[in-house]
Amino acid sequence: RFTRGSGTGNQSEEVGQLGRERAVVRDALTYIATGDPVNLNWLGPASTEEVAAQIAAAVGPSGPNSEYLFNLAEAMRGIGVQDPHLYQLEARVRDIVREQQPL
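Each residue of the sequence shown is one higher than the one before, starting from 225 at the first, in our numbering.
See the structure below:
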């Protein structure tokens, strides 16, 4: 299933098996940010540093975006996914969050 036009500028897509003999994740829902003008949080093409800064600062109804990133990175490691960009982003966001904490 692929859904467009949620009013937030995001698309949602249900994904199943991704080229594996058995599915690791079933019936997952993922949100894909788009450049739709109603999506005020769309960063667009950006460096890892810019993306990390935005993630570290973003908070929504479900909590801090940084927590989502940390949980995603942990889950990907747990199923053996090697994603250097994800882990670099995770490390940089952890640094930024640490720097922002009061002493």
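All C-beta atoms in this analysis are idealised placements derived from N, C-alpha and C, irrespective of residue type, glycine included.
Cα-Cα separation between residue i and residue j, rounded to whole angstroms
i, j, result
"residue 268", "residue 260", "10 Å"
"residue 320", "residue 286", "20 Å"
"residue 318", "residue 309", "14 Å"
"residue 273", "residue 297", "17 Å"
"residue 316", "residue 326", "18 Å"
"residue 229", "residue 251", "Reliability of the predicted coordinates at residue 229 is poor, the pLDDT of 42 falling under 50, and no value is obtained from them."
"residue 302", "residue 254", "18 Å"
"residue 324", "residue 263", "26 Å"
"residue 271", "residue 304", "25 Å"
Proximity to residue i [Cα-Cα], best of the options
i, options, result
"residue 224", "271, 270, 291", "Since the first residue shown for the chain is 225 and the last is 327, residue 224 is missing from the structure and cannot be characterised."
"residue 293", "322, 324, 262, 311", "311"
"residue 295", "275, 314, 270", "314"
8 Å Cβ shell around residue i - same chain, five flanking residues per side excluded
i, result
"residue 266", "233, 257, 258, 259, 260"
Same chain, Cβ closer than 7 Å to residue i, neighbours up to 5 away in sequence not counted
i, result
"residue 277", "320"
"residue 299", "none"
"residue 307", "300"
Element boundaries [beta strand (DSSP E), containing residue i]
i, result
"residue 256", "252-257"
Range covered by the alpha helix (DSSP H) that runs through residue i
i, result
"residue 324", "308-324"
"residue 303", "Neither: residue 303 is in no alpha helix (DSSP H) and is coded neither H nor E."
"residue 262", "Premise fails: residue 262 is in no alpha helix (DSSP H) and is neither H nor E."
"residue 281", "272-281"
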